[in-house]
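Q: Note that the sequence shown ends on residue 201 in my numbering; no numbers are left out.
All C-beta atoms in this analysis are idealised placements derived from N, C-alpha and C, irrespective of residue type, glycine included.
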Amino acid sequence: MAARKKSEADASKQAELAESARINKENLEKRYDETRRIANLIEIDQKPLNRALTEVNKKHGVTFAGGNIGVWGLVHHERGFTYPHLIDTLIDHFQLPYMTQNKEWIARALICNEAKNTEAPVVLMQELKKLHSPERPEGSCRWAIIFALTKIGDTRQVEEAKKLIEDERYADVRNDLENMLAKIQKRKWKPKKTKN
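#1: Return the chain-ordered ranges of every alpha helix (DSSP H) run that is complete within the segment 54 to 102 and spans a minimum of 4 residues.
#2: When DSSP labels each residue in this structure, what does S138 get in the three-state scheme?
#3: Name the residue from D15, K156, L136 whose alpha carbon lies nearest to the alpha carbon of L169.
#4: Verify whether the separation of the beta carbon atoms of L129 and L115 is less than 8 Å.
#5: Starting from N184 and walking both ways along the alpha helix (DSSP H), at which residues does that stretch end?
#6: To which residues of the same chain is P139 closer than 6 Å at the C-beta, ignoring the five residues directly before and after it?
#7: Applying the criterion that 16 or more other CB atoms from any shown protein chain within 10 Å of the CB defines a buried residue, is K63 buried or exposed?
#8: Does L154 come out as helix, strand or coil in the three-state DSSP assignment?
#9: Cα-Cα, which of H82, N122, R174 is closest to D159?
#10: Using 10 angstroms around the beta-carbon of Q19, count the other beta-carbons present and answer buried if the total reaches 16, otherwise exposed.
#11: Rounded to the nearest angstrom, what separates I92 and N107 at their Cα positions?
#12: For W148, which of N45, A57, G85, T105 has the nearest alpha-carbon?
#13: Do you know offhand how far A14's Cα is from K30's?
#14: Tell me which residues share the same chain as L182 and place their Cβ nearer than 8 Å to its Cβ, disregarding the 5 neighbours each side in the sequence.
#15: On the CB-based measure, 16 or more other CB atoms within 10 Å of its CB, does T94 come out buried or exposed?
#16: Thinking P126 and Q162 are a contact (beta carbons under 8 Å), I'd like their distance in whole angstroms, please.
#17: Among R192, K188, L79, which residue has its Cα nearest to the Cα of E109?
#18: Give the C-beta separation of V76 and N55 to the nearest angstrom, bearing in mind that I take them to be a contact with Cβ-Cβ under 8 Å.
#19: Tell me, please, whether the CB atom of S138 is closer than 8 Å to any CB atom in chain D?
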């Protein structure tokens with residue numbers, strides 16, 4: 006009798022484990038499908054930007070071994086790779102209504118010496134002031150913009166940075182903002198001279 010009850014308990018436990026595994030698999034498949042759906046939306050949303058980058062590259066005679074390079078390639082470029090001819094295009098597209106994830110990629114692509122002393126820091130700060138939520142994807146974009154401003158921002162953003170540090174909606178990134186402020190206070194804006 007005891008062996009029979011143990012056998013029934015084992016069978017019941019096996020059934021519970023099998024059901025739990027089935028539910029976990031279904032949930033994993035649903036999350037995978039949702040991730041794939043979002044990735045497809047991001048890719049579709051990114052097409053105008055990547056097309057524009059390709060056109061500017063062609064205009065400047067820049068080609069790549071694998072074909073065209075999009076914003077993803079700019080973010081993951083090797084050290085020493087420069088793209089001064091693309092900065093204005095990135096700035097222009099950052100101001101367009103792209104998905105938050107694509108704005109994050111553009112902000113990350115603007116983390117380069119060529120973006121210093123351009124309108125990039127001004128445009129990045131304007132966007133940062135609109136992003137109040139620490140939740141993803143907005144929170145991730147905020148962090149990318151703050152990091153970009155830490156690298157390329159200048160004295161033009163000092164007063165706005167001070168206001169954000171005092172704003173409770175930015176409490177979760179206050180340390181990052183303070184670090185950014187310390188860096189940009191030391192980096193004077195040097196407007197580029199235009200050719201006459």
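A: A quick look at the data gives this:
#1: Fully enclosed alpha helix (DSSP H) runs of 4 or longer: 76 to 80, 92 to 99.
#2: Secondary structure at S138: coil, using DSSP grouped into helix, strand and coil.
#3: The option with the nearest alpha carbon to L169 is L136.
#4: Against a cut-off of 8 Å, the Cβ pair of L115 and L129 comes out as a contact.
#5: Counting along the chain, the alpha helix (DSSP H) containing N184 begins and ends at 179 to 191.
#6: Spatial neighbours of P139 in its own chain (CB-CB distance under 6 Å, excluding positions within 5 residues in sequence) are listed in chain order as D177.
#7: So K63 ends up on the exposed side.
#8: Here DSSP, grouped into helix, strand and coil, assigns L154 to helix.
#9: The shortest C-alpha separation from D159 is found at N122.
#10: Around the beta carbon of Q19, a 10 Å sphere encloses fewer than 16 other beta carbons of the protein chains shown; the residue is thus reported as exposed.
#11: CA-CA distance, I92 to N107, rounds to 16 Å.
#12: Of N45, A57, G85, T105, the smallest CA-CA separation from W148 is found for T105.
#13: Answer to the nearest angstrom: the Cα atoms are 24 Å apart.
#14: Shown here for L182: same chain residues with a beta carbon closer than 8 Å to its own, the five before and five after excluded, namely I151, A166, L169, I170, Y175 in chain order.
#15: Buried is the call here.
#16: Separation of the CB atoms of P126 and Q162 is rounded to 6 Å, and the pair is thereby assigned contact status at 8 Å.
#17: Checked all of R192, K188, L79; the closest Cα to E109 is L79.
#18: Their Cβ separation, rounded to whole angstroms, is 6 Å, which keeps V76 and N55 in contact under 8 Å.
#19: The structure shown contains no chain D; it is built from a single protein chain.
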